[in-house]
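Chemist:
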Amino acid sequence: MKKVIISLCFSLLASFNLFAKNTYIQTEAFASKPDISHIEISPDGKQAVMLSRMKHDGAIGTAIKYVDLISMGVFNLAFSEDKDFIISGLNWANNDDLLVEVLYTDNIGGLSLKKTRLMKFNIFEKKFKPVLSLHYIDNLSYISNIMSRVVDYLPEDPDHILMSLPGASTSADYYFPSVVKVSIHGKNHNKVVQSAVNDVTGWITDEQHNVRIGIVNDDASYKIIERKNTDEAFRTLWEFGAFDEDEVWPIGFDSNPNILYVTANHEGRRAVFKVDLSDPELKRERIYSSKKYDVSSRLIRNYKTREVIGVGNYIWDKQRKQLVKQIDKVLPDTKNKIVEMSADSNIYFVLATSSTEPGVYFMGNIKQKKIAYFGSRFSELAPEYLAERQQIEYKARDGLKIEGYLTLPNSEVQKNLPTIILPHGGPISADTDGFDYWAQFFANRGYAVLQMNFRGSYGYGLEFMKQGLKGWGQAMQDDIEDAANWAIKQGYADPKRMCIVGASYGGYAALMGAVKTPELYQCAISFAGVSDLQELVDASRYFSNHEVVKKMIGDDEDFLAEYSPVNHADKINIPVLLIHGSKDRRVRPEQSELMYDELKSKKKQVQYIELEDANHHLSNAEDRLVTFKAMEAFLAQYL
Numbered sequence: 184m185k186k187v188i189i190s191l192c193f194s195l196l197a198s199f200n201l202f203a204k205n206t207y208i209q210t211e212a213f214a215s216k217p218d219i220s221h222i223e224i225s226p227d228g229k230q231a232v233m234l235s236r237m238k239h240d241g242a243i244g245t246a247i248k249y250v251d252l253i254s255m256g257v258f259n260l261a262f263s264e265d266k267d268f269i270i271s272g273l274n275w276a277n278n279d280d281l282l283v284e285v286l287y288t289d290n291i292g293g294l295s296l297k298k299t300r301l302m303k304f305n306i307f308e309k310k311f312k313p314v315l316s317l318h319y320i321d322n323l324s325y326i327s328n329i330m331s332r333v334v335d336y337l338p339e340d341p342d343h344i345l346m347s348l349p350g351a352s353t354s355a356d357y358y359f360p361s362v363v364k365v366s367i368h369g370k371n372h373n374k375v376v377q378s379a380v381n382d383v384t385g386w387i388t389d390e391q392h393n394v395r396i397g398i399v400n401d402d403a404s405y406k407i408i409e410r411k412n413t414d415e416a417f418r419t420l421w422e423f424g425a426f427d428e429d430e431v432w433p434i435g436f437d438s439n440p441n442i443l444y445v446t447a448n449h450e451g452r453r454a455v456f457k458v459d460l461s462d463p464e465l466k467r468e469r470i471y472s473s474k475k476y477d478v479s480s481r482l483i484r485n486y487k488t489r490e491v492i493g494v495g496n497y498i499w500d501k502q503r504k505q506l507v508k509q510i511d512k513v514l515p516d517t518k519n520k521i522v523e524m525s526a527d528s529n530i531y532f533v534l535a536t537s538s539t540e541p542g543v544y545f546m547g548n549i550k551q552k553k554i555a556y557f558g559s560r561f562s563e564l565a566p567e568y569l570a571e572r573q574q575i576e577y578k579a580r581d582g583l584k585i586e587g588y589l590t591l592p593n594s595e596v597q598k599n600l601p602t603i604i605l606p607h608g609g610p611i612s613a614d615t616d617g618f619d620y621w622a623q624f625f626a627n628r629g630y631a632v633l634q635m636n637f638r639g640s641y642g643y644g645l646e647f648m649k650q651g652l653k654g655w656g657q658a659m660q661d662d663i664e665d666a667a668n669w670a671i672k673q674g675y676a677d678p679k680r681m682c683i684v685g686a687s688y689g690g691y692a693a694l695m696g697a698v699k700t701p702e703l704y705q706c707a708i709s710f711a712g713v714s715d716l717q718e719l720v721d722a723s724r725y726f727s728n729h730e731v732v733k734k735m736i737g738d739d740e741d742f743l744a745e746y747s748p749v750n751h752a753d754k755i756n757i758p759v760l761l762i763h764g765s766k767d768r769r770v771r772p773e774q775s776e777l778m779y780d781e782l783k784s785k786k787k788q789v790q791y792i793e794l795e796d797a798n799h800h801l802s803n804a805e806d807r808l809v810t811f812k813a814m815e816a817f818l819a820q821y822l
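Have a look at this one:
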């Protein structure tokens, strides 16, 4: 392992943002999963584990890697091929045992669903064991597809955790969750500490590990209920509808059990407040806000006292502020985030990123005032060969200001380029100024890449986001078209060499762009894209968010038919590439199959690649590689 020790009082000499001419990077480098991710420090601060990309017996998958933080010895504990089972998360239960979330796909009553389970992994025995025994599960009145939700870890009781488990209580309808104190060793003497309540879909504990908050969801309406202890009845703190101005969402307690942090709207943007629950009026004290953007609701804590010392980029604790200042001085060219810290607040890990730096982990020691290089997230992606992303702004046809990001290839030619229009998924999501491996892949192949946060995107306030409700294929699509025309007008894009590419909602936008403005694009690529809005809404009827989905997309059959690309295949006259995972449970593969059949029946130029056993998120590196190579060949042919 490379070990470079850097004193916190000096600056790092090497720059992460070197400019160089475009250098070809192998497709495998872009398609690979991270070399390192999910670093977790043990309670005693002497060990760490992480997820690591690994090749084993010819298969590429994910390993659980162990690091002795004293000797810096490293070895692998376990390996998953990322096919039948995917390791999606891990945490320490105690100094000997890990809790590992595994993700897989199974059929329930003919419906194929994503399932999660929680496993215990002892670092000495190196064996997985279900946290919930088969005997316990068989005695539940309802077996959910999601059975890995940890409500709270119990540091004072390292053999138990609190889990959210439907079917564990008879006090409410069988499918609502109770909070259960569970033995991590697979023993059956688990205890219900909070019985299920009808319509309560989630529970939150305070820092004393008491269940305090319930999230009530009835169709598209919500209530936040609270009680101090089990002797009291629940009271309603706030009540609102989905996407309402008066939404108030709890995000966590301070070490003081009366202080709750929440997000709520303030002057049109999401802000963070704290509320004293002993105050009868529940007055909200604003802690963190921005006039321009919704702010992060990530609470920052003192790892030892559990006191909240900051939120998002705003830190008020003097010691932590000083540490952040020192780190930023050492690493001036990146955004630096403390992603893990030991319980004694001494050892910490920093993730340093930029638009051209996929991510470097550094390990710090506060007592020794040192920070050391630990490892790269994507070691094969050298920052000097990646392309800078620049923030851009344009006005939509109705005058609405839209922000976006332009990535130009590292070449002497910066104008009249073949161009990828790359709308994001969600659609209630957003592109940011950080590293984007799709954009970097296309830029490395010589394409300009334009991403835009069209109306309906998250981060620009409630009204901006609400303009996307029931807006699929309409003004949201116009914003994407306006971005393409902006790129042409600015001289970046060659109007005869443009392709629209997207995944999930972005895949829908790519197909809809081919329908509405076929003269603007020379081709379209849809990965896991939606083609039939009615089918998408109907598929949600099996889940509790069905009413919210209808509020987001719509429920009028004529409207849904009008803005479904599958019903307008005859209008598409450009080549289309469809790619979909056979085990995609977010957007079912039938969406691409139907689109392919319609285009084929009308003798259109269309290719369809179905990735066997792949999911919505391309969790398997081999599936990523097939996808990227297919897109690369398609673009080379048509652009």
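Following this note's numbering, the numbering of the sequence shown begins with 184 at its first residue and continues without gaps. Glycine is no exception: its CB is placed at the ideal position from the N, C-alpha and C atoms.
From the DSSP output, read off the bridge partner residues of Arg236.
Modeler: Translated into the one-based positions of the sequence shown, residue 236 becomes position 53. Answer by DSSP bridge pairing, in chain order: Thr245.
Chemist: Taking all protein chains shown into account, decide if Phe811 is buried (16 or more other Cβ within 10 angstroms of its Cβ) or exposed.
Modeler: To locate residue 811, count along the sequence shown from 1; it is residue 628. By the neighbour-count rule (16 or more Cβ atoms within 10 Å), Phe811 is buried.
Chemist: Using three-state DSSP, classify Leu822 as helix, strand or coil.
Modeler: Counting from one through the sequence shown, the residue named residue 822 turns up at place 639. Looking at Leu822 - three-state DSSP - the assignment turns out to be coil, as it is neither helix nor strand.
Chemist: Just checking my contact of Ile708 with Phe817 at CB under 8 Å: how many whole Å lie between their CB atoms?
Modeler: Position 525 of the sequence shown, counted from the first residue, corresponds to residue 708. Position 634 of the sequence shown, counted from the first residue, corresponds to residue 817. Confirmed, about 6 Å.
Chemist: If you draw a straight line from the alpha carbon of Ser480 to that of Ser472, how long is it in whole angstroms?
Modeler: To locate residue 480, count along the sequence shown from 1; it is residue 297. To locate residue 472, count along the sequence shown from 1; it is residue 289. Distance between the alpha carbons of Ser480 and Ser472 is about 10 Å.
Chemist: Which one or two residues does DSSP pair with Trp421 in a beta bridge?
Modeler: Position 238 of the sequence shown, counted from the start, is the residue given in the question as residue 421. DSSP, once it has assigned bridges, lists Ile407 as partnering Trp421.
Chemist: Short of 7 Å in beta carbon distance, which residues of its chain neighbour Arg222, apart from the five on each side in sequence? Order them along the chain.
Modeler: The residue given as residue 222 occupies position 39 in the sequence shown. Note on identity: in this sequence residue 222 is Ile, with Arg being the wrong assignment. Taken in chain order, the residues that qualify are Ala231, Met233, Val522, Glu523, Phe532 and Tyr544.
Chemist: Tell me which residues share the same chain as Thr384 and place their Cβ nearer than 6 Å to its Cβ, disregarding the 5 neighbours each side in the sequence.
Modeler: Within the sequence shown, numbered from 1, the residue matching residue 384 stands at position 201. Only residues of its own chain outside the window of five on either side were considered, and among them Ile398 and Asn400 have a CB closer than 6 Å to the CB of Thr384, listed in chain order.
Chemist: Identify which residue in Ser404, Asp429 and Ser438 has its Cα closest to the Cα of Thr488.
Modeler: By 1-based counting over the sequence shown, the position of residue 488 is 305. Among Ser404, Asp429 and Ser438, the Cα nearest to that of Thr488 belongs to Ser438.
Chemist: Based on DSSP bridge pairs, tell me the residues matched to Met330.
Modeler: Taking the sequence shown and counting its residues from 1, the one referred to as residue 330 is at position 147. DSSP lists Arg300 as partners of Met330.
Chemist: From what residue to what residue does the beta strand (DSSP E) around His763 run?
Modeler: Along the sequence shown, read from residue 1 onward, the residue named residue 763 stands at position 580. That run of the beta strand (DSSP E) goes Val759 to Gly764.
Chemist: For Gln774 versus Val732, is the C-beta distance shorter than 8 Å?
Modeler: Your numbering for residue 774 matches position 591 in the sequence shown. Your numbering for residue 732 matches position 549 in the sequence shown. Their beta carbons are not under 8 Å apart, which means Gln774 does not touch Val732 by this criterion.
Chemist: Please report the straight-line C-alpha distance between Val824 and Asp767, rounded to a whole angstrom.
Modeler: Nothing can be reported for residue 824: it is not among the residues displayed for the chain, which extend from 184 to 822.
Chemist: What are the boundary residues of the alpha helix (DSSP H) that includes His318?
Modeler: One-based indexing of the sequence shown puts residue 318 at position 135. Unbroken alpha helix (DSSP H) run through His318: Leu317 to Asp321.
Chemist: Residues in its own chain within less than 6 Å of Ser723 by CB, not counting five upstream and five downstream?
Modeler: As a first step, residue 723 must be located in the sequence shown, where it is residue number 540. If we look at Ser723 and ignore the five residues flanking it on each side, its Cβ neighbours are His729 and Val732.
Chemist: For Ile434 versus Leu482, is the C-beta spacing smaller than 8 Å?
Modeler: The residue you call residue 434 lines up with position 251 of the sequence shown. The residue you call residue 482 lines up with position 299 of the sequence shown. Yes, the Cβ-Cβ distance between Ile434 and Leu482 is below 8 Å.
Chemist: Tell me which same chain residues have a C-beta within less than 7 Å of the C-beta of Ala351, skipping the five on either side of it?
Modeler: Along the sequence shown, read from residue 1 onward, the residue named residue 351 stands at position 168. Contacts found: Leu323, Ser361, Val363 and Val375.
Chemist: Please classify Asn519: does DSSP put it in a helix, a strand, or coil?
Modeler: Here the question's residue 519 lines up with position 336 in the sequence shown. It is a strand residue.
Chemist: Would you kindly check if the distance between the Cβ of Val314 and the Cβ of Gly369 is under 8 Å?
Modeler: As a working mapping, residue 369 is identified with position 186 in the sequence shown. As a working mapping, residue 314 is identified with position 131 in the sequence shown. Closer than 8 Å, so yes.
Chemist: How about Leu286 and Asn328: are their beta carbons less than 8 Å apart?
Modeler: As a working mapping, residue 286 is identified with position 103 in the sequence shown. As a working mapping, residue 328 is identified with position 145 in the sequence shown. Taking 8 Å as the Cβ cut-off, Leu286 and Asn328 do not qualify as a contacting pair.
Chemist: Can you say whether Ile159 is buried or exposed, counting buried as having 16 or more other CB atoms within 10 angstroms of its CB?
Modeler: No information on residue 159 is available, as it lies outside the stretch 184 to 822 that the chain covers here.
Chemist: Report yes if the C-beta distance between Gln705 and Leu822 is below 8 Å; otherwise report no.
Modeler: Against the sequence shown, residue 705 aligns to sequence position 522. Against the sequence shown, residue 822 aligns to sequence position 639. The answer is yes: Cβ separation under 8 Å.
Chemist: Looking at the structure shown, is Tyr568 part of a helix, part of a strand, or coil, going by DSSP?
Modeler: Here residue 568 refers to the residue found at position 385 when the sequence shown is read from its first residue. Helix at Tyr568.
Chemist: So, at 6 Å on beta carbons, what are the nonlocal neighbours of Pro606 in its own chain, with the 5 sequence-adjacent residues on each side left out?
Modeler: The residue labelled residue 606 in the question sits at position 423 within the sequence shown. These residues qualify, in order along the chain: Ile663, Gly685, Gly689 and Ala692.
Chemist: For Asp342 versus Phe304, is the C-beta distance shorter than 8 Å?
Modeler: Here residue 342 refers to the residue found at position 159 of the sequence shown. Here residue 304 refers to the residue found at position 121 of the sequence shown. Result no, Cβ atoms of Asp342 and Phe304 do not sit closer than 8 Å.
Chemist: Only counting the same chain, and skipping five residues up and downstream in sequence, which positions put a Cβ closer than 6 Å to that of Ala261?
Modeler: Sequence index remark: in the sequence shown, residue 261 carries index 78 (1-based). These residues qualify, in order along the chain: Ile247.
Chemist: Can you tell me whether Gln717 is helix, strand or coil according to DSSP?
Modeler: Taking the first residue of the sequence shown as position 1, residue 717 is located at position 534. Of the three classes helix, strand and coil, the one that applies to Gln717 here is helix, per DSSP.
Chemist: Please give the ranges of any alpha helix (DSSP H) in the region 633-701, keeping only runs that are unbroken, at least 4 residues long and fully inside the region.
Modeler: 645-649, 658-672 and 688-699
Chemist: Determine whether the beta carbon atoms of Arg572 and Ser594 lie at a separation below 8 Å.
Modeler: Position 389 of the sequence shown, counted from the first residue, corresponds to residue 572. Position 411 of the sequence shown, counted from the first residue, corresponds to residue 594. No, Cβ-Cβ distance for Arg572 and Ser594 is not below 8 Å.
Chemist: In this structure, does DSSP put Thr413 in helix, strand or coil?
Modeler: Taking the sequence shown and counting its residues from 1, the one referred to as residue 413 is at position 230. DSSP places Thr413 in coil when its eight states are reduced to three.
Chemist: DSSP puts Pro224 in a beta bridge; with which residues?
Modeler: Within the sequence shown, residue 224 is the residue found at index 41, counting from 1. Pro is not the amino acid found at residue 224; the sequence shown has Ile there. DSSP output for Ile224 lists Ala231 as bridge partner(s).
Chemist: Measuring straight from C-alpha to C-alpha, what distance separates Pro826 and Gln391?
Modeler: Since the first and last residues shown for the chain are 184 and 822, residue 826 lies out of range.
Chemist: Below 8 Å CB to CB, which residues in the same chain sit around Gln717 once its five sequence neighbours on both sides are set aside?
Modeler: The sequence position of residue 717 within the sequence shown is 534, counting from 1. If we look at Gln717 and ignore the five residues flanking it on each side, its Cβ neighbours are Glu740, Leu743, Ala744 and Ser747.
Chemist: Since Lys501 is in the alpha helix (DSSP H), which residue starts that stretch and which ends it?
Modeler: In the sequence shown, residue 501 corresponds to position 318, counting from 1. Lys501 to Val513 is the extent of the alpha helix (DSSP H) around Lys501.
Chemist: Can you find at least 3 beta carbon pairs, one from the region 648-661 and one from the region 617-626, that sit closer than 8 Å?
Modeler: Because the criterion of three Cβ pairs below 8 Å is not met, the region 648-661 and the region 617-626 do not touch.
Chemist: Can the beta-carbon of Ser562 be found closer than 8 Å to that of Asp265?
Modeler: Within the sequence shown, residue 562 is the residue found at index 379, counting from 1. Within the sequence shown, residue 265 is the residue found at index 82, counting from 1. Cβ distance not < 8 Å, so Ser562 and Asp265 don't count as in contact.
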